[in-house]
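The opening residue of the sequence shown carries number 512 in my numbering; numbering runs sequentially from there. Ideal Cβ positions, reconstructed from N, Cα and C, are used throughout, including at glycine. None of these values were measured; they are calculated from a predicted model.
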Amino acid sequence: MGKMRTQSVRWRAAAVLASVLLVGGVAACGNSDTGGGGTKDDGKITMGFSQVGAESGWRTANTISIKEAATAAGIELKFDDAQQKQENQIKAIRNYIQQKVDVIAFSPVVESGWDTVLKEAKDAGIPVILTDRSVDSADKSLYKTFLGSDFVKEGKLAGEWLVEQKKTASGPVNIVELQGSTGAAPANDRKKGFAEAIAANPNLKVIASQTGDFTRAGGKQVMEQFLKANPKIDVLFAHNDDMGLGALEAITAAGKVPGKDITIITIDAVKDGMQALADGKFNFIAECSPLLGPQLMDLAKKVKDGQEVPARIETQETTFTSEQAKEALPNRKY
């Protein structure tokens with residue numbers, strides 16, 4: 512009887528030990544769950560990133576740069592594609608706040624309407640980094656820094672090149688403009704910069720300006736409308752390469768020679784645009800680099816550590832003519 516009682520005690524002790532080990536194992540699995548965001552205390556940074564969408568070759572290259580840089584930097588990336596909708600970005604940012612990520616970064620679809628959700632992130636103690644596009648919030652404390660291009664400068668570079676090319680023009684030079692997405696920072700700023708530059712020559716006149724939503728399909732459709740409505744078009748200024756590439760199809764279909772009958776100026780310098788430039792179908796491109804990933808990850812580490820960073824960090828870019836595009840293409844990464 513005493514022997515049976517001893518065995519029973521041993522069995523219960525083993526059962527208790529097994530139960531403890533099981534609970535411990537479940538707890539360990541719970542700690543490895545990435546769904547909780549910044550709940551782990553392993554020193555690893557978790558970033559929530561909301562991307563505009565996948566509207567162009569530039570945006571695709573930008574997304575790849577961010578994902579590859581996060582992996583290289585050892586940063587856990589939670590990525591969301593907003594599909595060109597501000598409400599999707601706001602929802603994603605709120606999800607990141609709920610998940611308690613360490614840093615939030617996003618490229619805003621439009622400039623306005625961010626104050627409420629950015630204040631929620633600030634109140635939660637989560638630093639925000641703007642990439643590629645900025646916001647028009649009066650309260651600059653709602654985000655730590657803005658990493659991206661000077662879009663006004665890009666528009667000015669495009670306009671200044673045109674002013675130089677047409678300085679001997681004795682009559683009107685008719686320009687049509689393919690704008691980026693309505694309300695987006697690059698669309699607003701590139702339009703502004705271009706207008707300021709061409710004001711130097713009163714012969715240069717924008718006779719039509721409409722959004723093509725930064726897409727090839729949009730560029731083609733709007734250019735078709737421009738060509739039907741305006742028998743004399745001398746210059747096309749497209750806010751990005753993709754719209755310019757779409758416009759090429761419309762121009763060719765209308766029996767005109769792109770790059771000769773119509774001078775074409777674009778912004779971005781993605782590989783397809785650079786090829787069109789090298790082939791003489793485009794005439795000039797102002798660069799806008801999408802390779803922001805490494806700089807973004809470096810900034811994420813700094814703001815997570817509480818380091819001070821500049822409020823504005825500008826990417827280094829250049830411009831290209833046809834001959835320069837031919838030289839640059841073999842080593843082009845995007």
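Residue i - DSSP class collapsed to helix/strand/coil
{"i": "Asp626", "result": "helix"}
{"i": "Val684", "result": "strand"}
{"i": "Lys655", "result": "coil"}
{"i": "Ser645", "result": "coil"}
{"i": "Lys589", "result": "strand"}
{"i": "Ala787", "result": "helix"}
{"i": "Val614", "result": "strand"}
{"i": "Glu838", "result": "helix"}
{"i": "Gln600", "result": "helix"}
{"i": "Val621", "result": "coil"}
{"i": "Glu579", "result": "helix"}
{"i": "Glu853", "result": "Examination of residue 853 is not possible in this model, given that the chain is present from 512 through 845 alone."}
In DSSP terms, what residue i is bridged to
{"i": "Lys555", "result": "DSSP output for Lys555 lists no bridge partner at all."}
{"i": "Gln595", "result": "Answer by DSSP bridge pairing: none, since Gln595 is not bridged."}
{"i": "Ala797", "result": "Ile778, Thr830"}
{"i": "Pro769", "result": "Ile773"}
{"i": "Asp560", "result": "It should be pointed out that residue 560 corresponds to Phe in this sequence rather than to Asp. Paired residues: Phe590, Ala616."}
{"i": "Gln690", "result": "Thr722"}
Residue i to residue j span [Cα, whole Å]
{"i": "Lys872", "j": "Val646", "result": "The requested residue 872 is not part of the displayed model; the chain covers only 512 to 845."}
{"i": "Phe793", "j": "Leu668", "result": "15 Å"}
{"i": "Val820", "j": "Lys703", "result": "28 Å"}
{"i": "Gly568", "j": "Ala711", "result": "33 Å"}
{"i": "Glu825", "j": "Asp661", "result": "7 Å"}
{"i": "Lys596", "j": "Val620", "result": "7 Å"}
{"i": "Lys578", "j": "Thr642", "result": "14 Å"}
{"i": "Ala761", "j": "Ala649", "result": "41 Å"}
{"i": "Ser543", "j": "Gln610", "result": "With a pLDDT of only 26 at Ser543, under the threshold of 50, the placement of this residue in the model should not be trusted; the figure read from the coordinates follows. The straight-line gap from Cα to Cα measures roughly 14 Å."}
{"i": "Ala836", "j": "Asn741", "result": "30 Å"}
{"i": "Gly541", "j": "Gly559", "result": "Residue placement at Gly541 is poorly supported in this model, since its pLDDT is 25, which falls under 50; the coordinates still yield a value, given next. Each residue's Cα considered, the two are about 20 Å apart."}
{"i": "Ala584", "j": "Met808", "result": "7 Å"}
{"i": "Leu802", "j": "Glu688", "result": "26 Å"}
{"i": "Gly682", "j": "Glu707", "result": "20 Å"}
{"i": "Lys651", "j": "Val614", "result": "17 Å"}
{"i": "Ile718", "j": "Asn685", "result": "6 Å"}
{"i": "Gly670", "j": "Ala696", "result": "18 Å"}
{"i": "Ala486", "j": "Glu598", "result": "Not covered by the structure: residue 486. The range shown for the chain is 512 to 845."}
{"i": "Glu631", "j": "Val612", "result": "13 Å"}
{"i": "Gln806", "j": "Ser623", "result": "25 Å"}
Residue i and residue j closer than 8 Å at C-beta
{"i": "Ser747", "j": "Ile778", "result": "The question names Ser, but residue 747 is Leu in the sequence shown. Contact: no."}
{"i": "Tyr607", "j": "Lys589", "result": "yes"}
{"i": "Arg644", "j": "Val628", "result": "no"}
{"i": "Phe725", "j": "Asp700", "result": "no"}
{"i": "Gly757", "j": "Lys739", "result": "no"}
{"i": "Thr830", "j": "Ala787", "result": "no"}
{"i": "Val639", "j": "Lys655", "result": "yes"}
{"i": "Gln676", "j": "Ser720", "result": "no"}
{"i": "Gly804", "j": "Ile775", "result": "no"}
{"i": "Gly766", "j": "Ser833", "result": "no"}
{"i": "Phe705", "j": "Gly729", "result": "no"}
{"i": "Ile556", "j": "Ala811", "result": "yes"}
Residue i CB to nearest heavy atom of the ligand SAM below 7 Å
{"i": "Glu828", "result": "The model depicted lacks the ligand SAM and carries no ligand whatsoever."}
Any chain D beta carbon closer than 8 Å to residue i
{"i": "Thr774", "result": "Note that chain D does not occur in the displayed structure, where there is just one protein chain."}
At what residue ranges does the segment 696-762 contain a whole run of the alpha helix (DSSP H), taking only runs of 4 or more? 696-709, 727-740
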